[in-house]
Structures are given as structure tokens and as C-alpha cells.
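Using numbering that gives the first Met the number 0, read the sequence shown as starting at 0 and increasing by one per residue. Backbone N, C-alpha and C define an ideal beta-carbon position, used for all residues, glycine too. Data block below; observations after.
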Amino acid sequence: MELKRPIFIVSSERSGTNLLRVLLDNHSKLHGPRAPQLLTTFSRTFPHYSITKEGLDELVDDIGASVNHPFIDWGLNLDQVRGEVSGEMSLIGLWDLCCSLNLSSTSKQFFVCKENALFDFTPALLTQYPDAKFIYLHRDPRDVCASWMKVPNGFKNVSQAAQKWNQE
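Encoded structure:
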């Protein structure tokens, strides 16, 4: 099972990606669920999981905590993930498995991904999905910084927000 022609929304945070994801999700063929941030979250820890049955079970449990968290609520069947996960699977392959299972629970045909920091994964995603579509959303950095300043746990000054935008 592999996603066919996924759509990736690539952008700095606070650029309107959630609005775009929701709008695309309203299309009859596009599924744009909330992003559990699997790529960002597990990119650092993925290599440290053991490829034993116990290690893979722990990995699936940790992924389940992300995708089935009440805020994300994918309702992913972890036994189904366990049945298909293997020690040879890459992070992108595991991400594909979870997203494919999520998509298959709908009547839609194409998956829309809006994870943070997708630009860090673009080369691997292009290798896995040469026919993928990428939407690069650009927002004026002044607007991004102003938006960050309104977030309760966001940056405390404009300089920090600007540095984040520049980094991304």
C-alpha cells in the first residue's frame, strides 16, 4: 500500500497552512487530516528503536500516541500497523503506511499533508513520490511574525519570530 500522488503543503509555520489544508479537505477527492507531525517527531528518534518485535511494538505504540491523540484523532488501528511494519521500513515508509491506512478509512483518493518542517524532508519525499505535488505557501514575514506574537506560548519578541521564519 502506497500513497498515490500525495499533495504536500510546504511552508513556514503561521503561514495559513491549516486553512489551506481544511479548504483542500473539502474537495471530494482530497483528504487533508490534522497533521500528527510524524516526520518531525520521529526523525530524531526513529533510528533508536530496536528492530526486534518489542522495539517495533514500542515504535507503533508511540506513533499511535501521536496519531490517535484526541486533538489529532486519526482512529488508526494499531494492530493493522503492527501487521505491516518491519525492521527494514524507513521513516518515510512508516509515514506512508500510517497515511495510507488513514486515507483508506475515507472515500477519498488523495492525501494532503501539512506537517511542519516538510522542507527538511522534501528530498526523501521526492524520492518516494516522484509524482507528488508540492504547494509552497509563502506569507509575508511581517505577517508571520505578527501571528507568532499572538500565540500564547509563542515567541516573546519579533526578533525571535523573524529568526524562525528566516531559518525555515
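Under the criterion of beta carbons closer than 8 Å, Lys132 and Gly31 do not qualify as touching, at roughly 13 Å. Within the same chain, and ignoring the five residues on either side of Tyr48 in sequence, the residues whose Cβ sits closer than 6 Å to its Cβ are Gly54 and Leu58. Thr16 counts as buried, since no fewer than 16 other beta carbons sit within 10 angstroms of its beta carbon.
Segment contact: the region 23-39 against the region 98-112, three or more CB-CB distances shorter than 8 Å; contact assigned.
Taking the C-beta atoms as reference points, Arg141 is found no nearer than 9 Å to Ser10. As DSSP reads the structure, Ser14 sits in no beta bridge. Taking the C-beta atoms as reference points, Val143 is found no nearer than 9 Å to Phe7. For Leu136, there is no enclosing alpha helix (DSSP H); the enclosing beta strand (DSSP E) has its first and last residue at Lys132 to Leu136.
Under DSSP, the beta-bridge partners assigned to Val9 are Tyr135. Going by beta carbons, Ser42 and Phe120 fall inside the 9 Å limit. Here Trp73 is actually not in contact with Leu37; their C-beta atoms are around 10 Å apart, not less than 8 Å. Judged by their CB atoms, Phe118 and Pro5 are not nearer to each other than the 9 Å cut-off.
Secondary structure note for Val143: its alpha helix (DSSP H) is the uninterrupted segment Pro140 to Lys149. With a 10 Å radius around the Cβ and a threshold of 16 neighbouring Cβ atoms, Tyr135 comes out exposed.
Scanning the region 50-79 for uninterrupted alpha helix (DSSP H) segments of 4 residues or longer gives 52-66, listed from N- to C-terminal end.
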